[in-house]
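Chains as they are written, first to last, in my numbering: chain Z, 334 to 692; chain D, 1276 to 1837.
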């Protein structure tokens, strides 16, 4: 039972984490460079979309990835050519190119940013794995490790979303948030590699915290998308009211509210079942360790509040009068409660989950 | 249905029963003029089961749960509630009136979740019937102009139109689509196909399972019990109300329902990390016990650990705490041994296990004796004050203050075994005296002698029985399964029409999925079209496939509008 910490792996983990942070910062710079100096794609994309898409839309052609894409980036019954949601197609490049072609066509800033992002994720994964090897357990036993792991998940998930949906315009925001979170973890709450107290010595720990880390990483991306949605929606209203110029400035470059809404929804319905599973696994673990599966411990309470708020979002999105801005505000409230749980409740409120190892 | 102009209208019209994704309720109840009696009730019920009310109740549930995490709760930490009352003498009674020290059992919290579940029942039950109805109803007729659907494609085949439809019907039937063919006498060639009813079924399963979780919790609260027992190494206890320290039965549980097992604690071992940042943190706890499942049954050994409870006779026994119990021998003024036992001390500091306790010698004569003590597991002298530098016992000492007089144990007021009431006692020694193992202190005035013989360890055990636990787990897993089904399954419709063209026919395929589904229908549709086209090609292999028709509206209209 008395296991010591492998210092070699601990050092490797620390070095790779710093490297990941630096590479993410470079990716962030490149994303910002694309924003500032990249060639404007907006006009070009609109032109492509408004052209007849007859040949490309015809099914049965040789290239499978050209099938069924009708020039709209995302599946949307209401956004065919000439349909009411023509604007949808404005700012994300269409999906008819393969991911590789799209990346090649995206310009050197984007290519550099994607390259750095992937490299950063690789370094990040190595850091997390090395931490696990150093402490002989799943590397999410305290707050520092938890943030390191969840930002790793967020970065992985974002790189996937970015390449799958050509959403590089989101990079500067998501990467910015990841660099911020990781940087704060590294400077404020760094905790040296250490073994666990008996209550945490359970394979349910790995299962419960893995699910929580995964879903938190995914909700993290959803939250950034939600904030962008609110910005894009406000911008659209201002354009409609004549208070802002369409097609100018940074905000015009982020995807349309409809696309952001869809991406957010997909992220949430990906994260929500994992969160649900994590809460169930946590209840099983609580039963093993403390003799009850649910005891309204502060951390349990806030996990419940988070679950209910994301359920609210899913319902609000299906309720007339609550779609759009209101549902996104609810989604962000859910993420706020998740963050409250992680950064306030676990650190400052005494409960049975006081394992943060901070301070 | 056939007169469709914009694709977005199609999806709303062709899926009338779940045009609103997620939980389609009567989203905006129409303001009705309530009629007498039943009218009001119906109106109220409709309000309650509306989606907006459900949303507000969900919000209130989240909001209502929060104070319980910020204020101490009776259920989990009654001592902190007492402290809060002492510290906030004006505020605390008000908070108490609002039930904020027992939020999760408060009537207003129960009102929120019961209303929420009533709303859920009012929504889910009719929907279950509706789903059963839909599952028996065939899909709608194929719209006239399939090229206006979100996904469409057309090509020429070398088959007559009705044969092309027969092939399509066989193909889609093989893919487990539910089919609808034209009625007798309808000469047009088309087929409608629908799939993905499991989405709604999953959604309903999720909500019904949540109801099941609530019922399981209620069953646990009614028929379960929770009990605590502190035992020192070498002691035994059997699971009866009198031998338990605390017993919290469910509403329908009596003492005779207890599981009649017994447990003996042989030895408790705690290990601690000795180096690094975690120095002093525990690495393992291990209580070696013998237990017999029923009276007279042979005893079996078990290693009780944290995360490794003992399941015995449908109850579970958990290791939840530990500490030191110094052993004292006390002789009174007559020279008679009046106390010889291990006395559990309560840890004051979990990091060093510096522990407090009292020894009450009620049998001492002529006056009763009492001692207040501190047990120091690993003593170190810090500026004249004894401190503990490590939680495990390395040459432990006890520091004691002796009292003589009346312990007040016969006053009728219940006393804590961990507190000494010194109001009727006199302090015998001006300063505390420290004893190492084996040392004795003779009390002044010939009052007797106390010897520190050594120490044992104690553990506190929790005994729980919760018959709602397994049902709750099953319901939770079902809820998760339902959630996944409702997120992953896509309800989609595929229509095929075929019109004569030259030697063969032009086949048009249209498809649509609920826009809210997790996406990817384009890929599935493209695959369906490719496979269907291949199936058509196999049926008429000798004629090469005609030129590919496009989905440009003008061209399609001339081909399919006939």
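The C-beta atom is built at its ideal place from N, Cα and C for all residues, glycine as well.
CB contact check: residue i to chain D, cutoff 8 Å
i: residue 678(Z); result: yes
i: residue 351(Z); result: no
i: residue 540(Z); result: no
i: residue 661(Z); result: no
i: residue 606(Z); result: yes
Closer than 7 Å at the beta carbon, the chain Z residues around residue i
i: residue 1655(D); result: Those do not exist, as residue 1655(D) stays about 23 Å from chain Z at its closest Cβ, beyond 7 Å.
i: residue 1751(D); result: 613
N-terminal and C-terminal residue of the beta strand (DSSP E) that residue i is part of
i: residue 1779(D); result: 1779 to 1788
i: residue 1725(D); result: 1723 to 1740
i: residue 1590(D); result: 1590 to 1606
i: residue 1426(D); result: 1426 to 1432
i: residue 1455(D); result: 1453 to 1455
i: residue 1399(D); result: Taken as a continuous stretch (DSSP letters only), residue 1399(D) belongs to no beta strand (DSSP E), being part of the alpha helix (DSSP H) at 1382 to 1411.
i: residue 1661(D); result: 1660 to 1663
i: residue 1680(D); result: 1672 to 1680
i: residue 341(Z); result: Residue 341(Z) -> not in any beta strand (DSSP E); alpha helix (DSSP H) instead, spanning 340 to 370.
i: residue 1546(D); result: 1537 to 1547
i: residue 1718(D); result: 1715 to 1718
i: residue 1648(D); result: 1643 to 1651
Residue i at chain Z interface by Cβ criterion, 8 Å
i: residue 1341(D); result: yes
i: residue 1737(D); result: yes
i: residue 1448(D); result: no
i: residue 1288(D); result: At residue 1288(D), the pLDDT of 37 sits below 50, so the modelled position is not reliable and the matter cannot be decided from this model.
i: residue 1351(D); result: yes
i: residue 1674(D); result: no
i: residue 1551(D); result: yes
i: residue 1567(D); result: no
i: residue 1557(D); result: yes
i: residue 1563(D); result: no
i: residue 1747(D); result: yes
i: residue 1357(D); result: no
i: residue 1467(D); result: no
Chain D contact residues for residue i, given Cβ-Cβ distances below 9 Å
i: residue 556(Z); result: Within chain D, no residue comes near residue 556(Z); the closest Cβ sits about 17 Å away, beyond 9 Å.
Which listed residue (the options) has its alpha carbon closest to that of residue i
i: residue 1718(D); options: 1812(D), 1788(D) and 1606(D); result: 1606(D)
i: residue 673(Z); options: 510(Z), 633(Z), 472(Z) and 561(Z); result: 633(Z)
i: residue 466(Z); options: 619(Z), 344(Z), 455(Z) and 577(Z); result: 344(Z)
i: residue 1766(D); options: 1406(D), 1548(D) and 1596(D); result: 1406(D)
i: residue 727(Z); options: 507(Z), 531(Z) and 480(Z); result: With chain Z covering 334 to 692 only, the question about residue 727(Z) has no answer from this structure.
i: residue 1347(D); options: 1555(D), 1359(D), 1741(D) and 1478(D); result: 1359(D)
i: residue 1326(D); options: 1396(D), 1374(D) and 1356(D); result: 1396(D)
i: residue 1483(D); options: 1810(D), 1805(D) and 1753(D); result: 1753(D)
i: residue 476(Z); options: 523(Z), 505(Z), 447(Z) and 490(Z); result: 523(Z)
i: residue 1632(D); options: 1602(D), 1520(D) and 1808(D); result: 1602(D)
i: residue 1617(D); options: 1801(D), 1487(D) and 1604(D); result: 1604(D)
i: residue 661(Z); options: 561(Z), 433(Z), 536(Z) and 607(Z); result: 561(Z)
i: residue 471(Z); options: 544(Z), 490(Z), 512(Z) and 669(Z); result: 544(Z)
i: residue 1592(D); options: 1500(D), 1666(D) and 1702(D); result: 1500(D)
Terminal residues of the alpha helix (DSSP H) in which residue i lies
i: residue 661(Z); result: 658 to 672
i: residue 562(Z); result: 536 to 573
i: residue 450(Z); result: 441 to 468
i: residue 598(Z); result: 590 to 623
Per-residue contacts from residue i into chain Z (C-beta, under 9 Å)
i: residue 1614(D); result: Those within 9 Å of residue 1614(D) in chain Z number zero; the least Cβ separation is about 34 Å.
i: residue 1484(D); result: Ordered by position in chain Z, no residue passes the 9 Å Cβ test against residue 1484(D), which lies about 11 Å from the chain.
Residues that residue i contacts on chain D, provided the C-beta gap is smaller than 7 Å
i: residue 652(Z); result: 1302, 1326, 1327 and 1330
i: residue 610(Z); result: 1755
i: residue 621(Z); result: 1582 and 1584
i: residue 655(Z); result: 1330
8 Å Cβ cut-off: residues of chain Z touching residue i
i: residue 1853(D); result: Missing from the structure shown is residue 1853(D); chain D here goes from 1276 to 1837 and no further.
Contacts of residue i in chain D (Cβ-Cβ under 8 Å)
i: residue 468(Z); result: Per Cβ cutoff of 8 Å: no residues; residue 468(Z) is ~10 Å from chain D at best.
By the 7 Å beta-carbon criterion, what residues does the region 1754 to 1780 of chain D contribute toward chain Z? 1755, 1758, 1759 and 1762
Interfacial residues, the region 1410 to 1422 of chain D to chain Z, with Cβ spacing under 8 Å: none
Report the residues of the region 623 to 646 of chain Z with a CB closer than 9 Å to any CB of chain D, ordered along the chain. 623, 624, 625, 626, 627, 628, 629, 630, 631, 632, 633, 634, 635, 637, 638, 639, 640, 641, 642, 644 and 645
Against chain Z: residues of the region 1322 to 1340 of chain D by CB proximity under 7 Å: 1326, 1327, 1329, 1330, 1333, 1334, 1336, 1337 and 1340
Output needed in chain order: residues of the region 1569 to 1596 of chain D with a Cβ under 8 Å from some Cβ in chain Z. 1580, 1581, 1582, 1583, 1584, 1591, 1593 and 1595
Listed from N- to C-terminal order along the chain, which residues in the region 1367 to 1381 of chain D have their beta-carbon within a distance smaller than 9 Å of any beta-carbon of chain Z? 1378 and 1379
Output, in sequence order along the chain, the residues in the region 563 to 596 of chain Z whose CB is closer than 8 Å to any CB in chain D. 595
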